[in-house]
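*Asks:* Sharing a structure, written as structure tokens. Questions coming.
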Amino acid sequence: MIEAAGLEVDRVTEAELKENGFRSTRKTKIVCTIGPRTCEFEEIEALAVGGMNVARVNMCHGTREWHRDVIRRVRQLNEEKGFAVAVMMDTEGSEIHMDDLNDVESTKAEDGQIWTFTVRAFDQPSRPERTITVNYDGFAEDVKVGDELLVDGGMVTFVVIEKIGPDVICRCTDPGLLLPRANLTFWRNGSLVRERNAMLPTISSKDWLDIDFGIEAGVDFIAVSFVKSAEVIKTLKSYIIDRSPGSQIGIIAKIESIDSLKNLEEIIQVSDGTMVARGDLGAQIPLEQVPLVQHEVIQLCRQLNKPVIVASQLLESMIEYPIPTRAEVADVSEAVGQQADALMLSSESAMGQYPEKALAVLRSVSLRIEKCRREEKHWDVTDLRIVSSSKLDEISEEICNTTSRMANKLKADAIFVYTKTGQTASLLSRNRPDCPIFAFAPSTSIQRCLNLKWGLIPFRLDFSDDMESNLNRTFSLLKARAMIKSGDLIIVVSDVMQSIQAIKVS
Numbered sequence: 001m002i003e004a005a006g007l008e009v010d011r012v013t014e015a016e017l018k019e020n021g022f023r024s025t026r027k028t029k030i031v032c033t034i035g036p037r038t039c040e041f042e043e044i045e046a047l048a049v050g051g052m053n054v055a056r057v058n059m060c061h062g063t064r065e066w067h068r069d070v071i072r073r074v075r076q077l078n079e080e081k082g083f084a085v086a087v088m089m090d091t092e093g094s095e096i097h098m099d100d101l102n103d104v105e106s107t108k109a110e111d112g113q114i115w116t117f118t119v120r121a122f123d124q125p126s127r128p129e130r131t132i133t134v135n136y137d138g139f140a141e142d143v144k145v146g147d148e149l150l151v152d153g154g155m156v157t158f159v160v161i162e163k164i165g166p167d168v169i170c171r172c173t174d175p176g177l178l179l180p181r182a183n184l185t186f187w188r189n190g191s192l193v194r195e196r197n198a199m200l201p202t203i204s205s206k207d208w209l210d211i212d213f214g215i216e217a218g219v220d221f222i223a224v225s226f227v228k229s230a231e232v233i234k235t236l237k238s239y240i241i242d243r244s245p246g247s248q249i250g251i252i253a254k255i256e257s258i259d260s261l262k263n264l265e266e267i268i269q270v271s272d273g274t275m276v277a278r279g280d281l282g283a284q285i286p287l288e289q290v291p292l293v294q295h296e297v298i299q300l301c302r303q304l305n306k307p308v309i310v311a312s313q314l315l316e317s318m319i320e321y322p323i324p325t326r327a328e329v330a331d332v333s334e335a336v337g338q339q340a341d342a343l344m345l346s347s348e349s350a351m352g353q354y355p356e357k358a359l360a361v362l363r364s365v366s367l368r369i370e371k372c373r374r375e376e377k378h379w380d381v382t383d384l385r386i387v388s389s390s391k392l393d394e395i396s397e398e399i400c401n402t403t404s405r406m407a408n409k410l411k412a413d414a415i416f417v418y419t420k421t422g423q424t425a426s427l428l429s430r431n432r433p434d435c436p437i438f439a440f441a442p443s444t445s446i447q448r449c450l451n452l453k454w455g456l457i458p459f460r461l462d463f464s465d466d467m468e469s470n471l472n473r474t475f476s477l478l479k480a481r482a483m484i485k486s487g488d489l490i491i492v493v494s495d496v497m498q499s500i501q502a503i504k505v506s
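The sequence shown runs contiguously to residue 506 in UniProt numbering.
Encoded structure:
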């Protein structure tokens, strides 16, 4: 971490500010899934240099020891190289999915091929060719001859032609790439068969062990797969508090099922953030509804002051090819234009051939779309609902709303916010002001968590209740490092003292 007299900031952000000024900073954050292609220290560092804000580990894949090593490398990178990369851990969830594929990263299912899906366990070398193990013991009992089996939201489709004991014999009707641990759904007479999935617990026994691992490893976020209700999030939060009092782990609700949509607002209310997992979601609702749900979730998260991540298949073609399709670029542009807090790479960075290039595409497209909105003076004037639960918090909320409007009207160069908990910075981010927000927090854990929020540049800074002293010291440190200059107009707000100041740097 780059540090001077108690001030720490991500080194890439500092370099951008020095070279190109305030308007060069990217506001849309980027989450990268770490996998076999990107798990070594040098590879993780390359992603951090390229703009990764959050490193994601997916407990569907690999061992806990493997993930522990990845998390350790991210922490080492932050300490030694000057980054503030947060770590997010995804639970596997209880939904039906494939197991691993004979130690290969992927395999192709061709049109007309016969494949066997089974609940039988095999040692990897002894598994018959074109045989896939399924994680759900009742799989063969639940499917019927004639059912359609969709892999990974329809990336590959099979039709069931025969059942033999624990084996389900299928013919491939839509060929494609099979990936380890891909989600499975089955359809009957044009309708999703979901009764069995609805009965499975959101958090499995394995998930609870993984959650214990995540708490012990010190992850910043836990993303819960296939959330069905707000109660799941509440239960997990209580569990974490009991296991680790004072923990600041944020809980991200993954919206990827019909049950999630039925209880959407309640789930978002109690979570610390949301992920629109479009791949699995698209396997449960009509495809044409996915963009509408994405927009709805982004808007609702904004209203409720929760960060939102758009995930799944953003740059799917870059798993194999060095450039994206133009349609993928348009998709990314739409998510940036909708002002999602973050975009996420999945297989593109975990096992793809071009992880750094995929990251560069997200970064460049985000910067260009944000610049276009700024040039068009496309300031957001969304009416935001009050989310505070007390009068004191409501005052802070209104101060943040006013601060953002003032910054836009005065064309301020930046907003400075001194925050002990991160909440005031989050409320400012919610307003989507035109200028960047420098968020000064007293701990590295809060600094990392703020790295998921739109428009925030998180600093680690020890500060007091004396705002004049804080400002003098901050301005002096930032000027010395060429991150601000004389004449810059800064709007200052804090949760230490509920007030707004407009200051010209002298």
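Positions of the beta carbon are idealized from the N, C-alpha and C atoms, including for glycine.
Put C172 into one of helix, strand or coil per three-state DSSP.
*Replies:* One-based indexing of the sequence shown puts residue 172 at position 172. Here C172 sits in strand by DSSP.
*Asks:* Among S94, R127, G82, I114, whose alpha-carbon lies nearest the alpha-carbon of V104?
*Replies:* Counted from its first residue, the sequence shown places residue 104 at position 104. Ranking S94, R127, G82, I114 by Cα distance to V104 puts R127 first.
*Asks:* Could you work out which residue in V74, K163, D111 is closest to D174 when comparing CA atoms only?
*Replies:* Position 174 of the sequence shown, counting from 1, holds the residue named residue 174. Among V74, K163, D111, the Cα nearest to that of D174 is on D111.
*Asks:* According to DSSP, Q501 sits in a beta bridge with which residue or residues?
*Replies:* Taking the first residue of the sequence shown as position 1, residue 501 is located at position 501. DSSP, once it has assigned bridges, lists V492 as partnering Q501.
*Asks:* Rounded to whole angstroms, how far is the Cβ of L461 from the Cβ of L7, which I believe are closer than 8 Å?
*Replies:* Taking the sequence shown and counting its residues from 1, the one referred to as residue 461 is at position 461. Taking the sequence shown and counting its residues from 1, the one referred to as residue 7 is at position 7. Their Cβ separation, rounded to whole angstroms, is 5 Å, which keeps L461 and L7 in contact under 8 Å.
*Asks:* What's the gap between the Cα of V493 and the Cα of E370?
*Replies:* Translated into positions along the sequence shown, residue 493 becomes position 493. Translated into positions along the sequence shown, residue 370 becomes position 370. Cα to Cα, V493 sits roughly 24 Å from E370.
*Asks:* With distance defined between alpha-carbon atoms, name the residue in M155, G154, E148, G153 nearest to I161.
*Replies:* Here the question's residue 161 lines up with position 161 in the sequence shown. The candidate whose alpha carbon is nearest that of I161 is E148.
*Asks:* Is DSSP giving C60 helix, strand or coil here?
*Replies:* Against the sequence shown, residue 60 aligns to sequence position 60. It is coil, neither helix nor strand.
*Asks:* How is L315 classed by DSSP in three states: helix, strand or coil?
*Replies:* For the purposes of this step, residue 315 is taken as residue 315 along the sequence shown, with counting starting at 1. Reduced to three states, the DSSP call for L315 is coil.
*Asks:* Run the CB neighbour count on R432, radius 10 Å, all protein chains shown included, and call it buried at 16 or more, exposed below.
*Replies:* Within the sequence shown, the letter at position 432 stands for residue 432. Classification of R432: buried, given that the 10 Å Cβ count is 16 or more.
*Asks:* Suppose only complete runs of 4+ residues qualify. What are the alpha helix (DSSP H) ranges in the segment 80-146, listed by chain order?
*Replies:* The qualifying runs are 139-142.
*Asks:* Since V290 contacts L304 with CB under 8 Å, what's their CB separation in whole angstroms?
*Replies:* Mapped onto the sequence shown, residue 290 falls at position 290. Mapped onto the sequence shown, residue 304 falls at position 304. Contact flag wrong, Cβ pair sits at about 21 Å.
*Asks:* So if DSSP puts F459 in a beta bridge, which residue, or which two residues, is it bridged to?
*Replies:* On the sequence shown, position 459 is the one that residue 459 refers to. Looking at the DSSP assignment, F459 forms a beta bridge with V9, F440.
*Asks:* Between A439, D242, G337, which lies nearest to Y418 when the distance is taken from Cα to Cα?
*Replies:* Sequence index remark: in the sequence shown, residue 418 carries index 418 (1-based). Of the listed residues, the one whose Cα sits closest to Y418 is A439.
*Asks:* Looking only at its own chain, which residues have a Cβ that is under 6 Å from the Cβ of C400, when we skip the five neighbours before and after it?
*Replies:* Within the sequence shown, the letter at position 400 stands for residue 400. These residues qualify, in order along the chain: L427, L428.
*Asks:* Could you check whether the segment 339-346 touches the segment 30-45, counting it as contact only if at least three pairs of C-beta atoms, one from each stretch, sit closer than 8 Å?
*Replies:* The segment 339-346, when compared against the segment 30-45, does touch it at the 8 Å Cβ threshold.
*Asks:* Which same chain residues, not among the five before or five after A358, have their C-beta less than 7 Å away from its C-beta?
*Replies:* The count along the sequence shown starts at 1 and reaches residue 358 at position 358. Taken in chain order, the residues that qualify are L315, M318, L345, E348, S349, G352.
*Asks:* Among A182, F117, L192, S225, which residue has its Cα nearest to the Cα of T202?
*Replies:* Stepping through the sequence shown from its first residue, residue 202 is reached at position 202. With distances taken between Cα atoms, T202 lies closest to S225.
*Asks:* Could you compute how far the alpha carbon of H295 sits from the alpha carbon of G50?
*Replies:* For this step, residue 295 is matched to residue 295 along the sequence shown. For this step, residue 50 is matched to residue 50 along the sequence shown. Between H295 and G50, the C-alpha separation is close to 27 Å.
*Asks:* Leaving aside the five residues before and after A4 along the sequence, list all residues of the same chain whose C-beta is less than 8 Å from its C-beta, in chain order.
*Replies:* Taking the sequence shown and counting its residues from 1, the one referred to as residue 4 is at position 4. Unreliable placement is indicated for A4, whose pLDDT of 46 sits below 50; the coordinate value is still reported in the next sentence. So the list reads L477, A480, R481, once near-sequence residues are dropped.
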